[in-house]
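S.K.:
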Amino acid sequence: MERNNNSRSIQWVLALVFVVLGFLLAYQYKQIQNPVKKLTVQETEDLLHEIEILKEEKTAMIELNDRLNEDLKNYETFAASTDEANLLLKEELDKSRMLLGLVDVHGPGLTISLKPTDPLLDPQNFNFMTDAELVYIINELKFAGAEAISINDKRISIQTGIKSSSNNSFILINDEKVSPREEITIKAIGDKAKLGGAVAFHGAMSYGALEFYDIRFQPVDDLTIGRYDKAFSSSFIGEGE
Amino acid sequence: MIIVIGLLIGILLGLFLDIRIPDAYTTYLTVAILTCLDSVLGALKAHMGKTFDNMVFISGFFGNAIIAVALTFLGDKLGLPMYLAAVVVFGGRIFNNFAVIRRLAIEKYYKGKRNDTI
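The listed protein sequences correspond, in order, to chains A and B.
Residue numbering for the first sequence follows our numbering, beginning at 78 and increasing consecutively.
Residue numbering for the second sequence follows our numbering, beginning at 22 and increasing consecutively.
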């Protein structure tokens with residue numbers, strides 16, 4: 078009788094063993110068939126879709142902003158046309174807008190293209206550029222009198238920040254991504270000769286990881302730089318007494 | 022019979038129960054499956070050779086799985102793919118067990134045939 082009981086409990090344990098085996102096999106099979114990553118792809122697709130929608134919204138907003146700006150200009154012109162002082166004020170306002178980067182600008186200048194070389198050429202020392210190199214170049218250009226600068230058509234405004242992100246997989250400029258692994262084009266409007274001289278100066282373009290980049294610059298007679306398409310923040314500043 | 026029922030229940034649980042084991046433990050699960058399969062084939066071999074013992078099978082089933090998972094864990098901590106050791110050893114044993122099962126089955130088959138002719 079005891080032996081019979083014992084054998085029955087062993088049978089249950091055997092059943093349990095096979096339940097475990099069956100579970101493991103089926104679970105693993107299910108995981109392989111529907112990997113969790115697939116869910117991430119789905120999420121990525123959703124996100125991409127969302128980005129598309131936001132981009133469309135952004136385009137619409139920019140158009141609206143353009144229209145409103147145009148209206149504003151018209152009002153100003155209308156108001157200024159009546160008075161000489163107002164006309165001067167209007168000119169001053171236009172100039173301020175240009176300097177702030179609120180309008181597209183054009184003029185002579187320099188384009189600089191930075192293309193990463195093959196990392197395999199010097200695998201031990203190779204580094205991609207970070208925010209530091211870009212800030213350095215902008216500073217060099219500004220020092221040489223650049224009046225408007227853009228990096229990959231992202232206008233550098235007075236409120237632009239440049240920061241490496243995600244372990245330097247990209248650099249954020251105006252909250253938009255620029256990859257240090259791809260070619261970067263910098264445009265600067267100013268005195269062509271001065272700008273050219275500043276970047277061609279011996280050692281000027283060998284700062285940090287720049288030595289691993291193929292750097293080409295070209296003076297251009299008429300360069301166009303797009304406007305800063307973000308809103309300026311003025312939550313904290315106030316006019317001095 | 023109870024084995025088949027157990028296996029079926031396990032498969033159904035695995036397929037329909039919404040249990041999430043983190044991705045990081047996939048290797049552990051695979052290694053555990055390999056050791057369990059080895060134990061089952063070992064048990065089948067023992068059964069055919071008439072040396073099967075429940076306790077040996079059950080202890081081997083869980084013991085081997087635990088050791089293999091522990092080895093994988095240790096490998097993870099040491100940065101060495103120790104799970105490969107389990108894969109090689111248990112993979113080899115599966116083949117060995119299968120070879121013995123095959124021989125025993127063929128032997129049984131011939132024996133049966135000979136008895137029939139006599």
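Cβ coordinates follow ideal geometry from the N, Cα and C atoms, glycine included.
#1: Please classify K135 (chain A) as buried or exposed, where buried requires at least 16 other C-beta atoms within 10 Å of its C-beta.
#2: Just checking: is the beta-carbon of A67 (chain B) within a distance shorter than 9 Å of some beta-carbon in chain A?
#3: Threshold first: 4 residues or longer. Then list the alpha helix (DSSP H) segments lying entirely within the region 148-191 of chain A, N to C.
#4: Give the range of the alpha helix (DSSP H) segment to which A91 (chain B) is assigned.
#5: Alpha carbons only, please: which of B:K98, B:A64, B:G70 and B:R135 is nearest the one belonging to R124 (chain B)?
#6: Given that Q105 (chain A) touches chain B, what residues does it touch there, using C-beta distances under 9 Å?
#7: Name the chain A residues that come within less than 9 Å of N9 (chain B), Cβ to Cβ?
#8: Take the Cβ of G315 (chain A) as the centre, count every other Cβ of all protein chains shown within 10 Å, and call the residue buried at 16 or more, exposed below.
#9: Starting from the C-beta of M282 (chain A), find all residues in its chain whose C-beta is less than 7 Å away, skip the five residues before and the five after it, and write them out in chain order.
#10: Classify K66 (chain B) as buried or exposed, calling it buried when 16 or more other Cβ atoms lie within 10 Å of its own Cβ.
#11: Using DSSP's beta-bridge definition, name the partner residues of K254 (chain A).
#12: DSSP three-state label for R41 (chain B), please.
#13: In whole angstroms, what is the alpha-carbon distance linking T262 (chain A) and K98 (chain B)?
#14: On the DSSP bridge list, what partners appear for I109 (chain A)?
#15: Closest by CA to V52 (chain B), which one among B:A91, B:H68 and B:D137?
#16: Enumerate in chain order the residues of its own chain whose CB-to-CB distance from D298 (chain A) is below 6 Å, with the five nearest sequence positions on each side excluded.
M.R.: This is what the structure gives:
#1: Burial call: exposed.
#2: Not an interface residue.
#3: If we require 4 residues or more, the alpha helix (DSSP H) runs fully inside the region 148-191 of chain A come out as 161-177.
#4: Start and end: N75 to L99.
#5: That would be B:G70, whose Cα lies nearest to the Cα of R124 (chain B).
#6: Think of a sphere of 9 Å around the beta carbon of Q105 (chain A): the chain B residues whose beta carbon falls inside it are G35, T47, L50, T51 and I54, in chain order.
#7: In the structure as shown, chain B begins at 22 and stops at 139. Residue 9 (chain B) is therefore absent and cannot be evaluated.
#8: With fewer than 16 other Cβ atoms within 10 Å, it is exposed.
#9: Counting only Cβ-Cβ distances below 7 Å, and skipping sequence neighbours, we find V276 and I292.
#10: Around the beta carbon of K66 (chain B), 16 or more other beta carbons lie within 10 angstroms, which makes this residue buried.
#11: Bridge partners of K254 (chain A) according to DSSP: A:L249.
#12: Note: R41 (chain B) maps to coil in three-state DSSP.
#13: T262 (chain A) and K98 (chain B) have their C-alpha atoms roughly 45 Å apart.
#14: For I109 (chain A), DSSP assigns no beta-bridge partner whatsoever.
#15: Comparing Cα-Cα distances from V52 (chain B) to each of B:A91, B:H68 and B:D137, the minimum goes to B:A91.
#16: Contacts found: P185.
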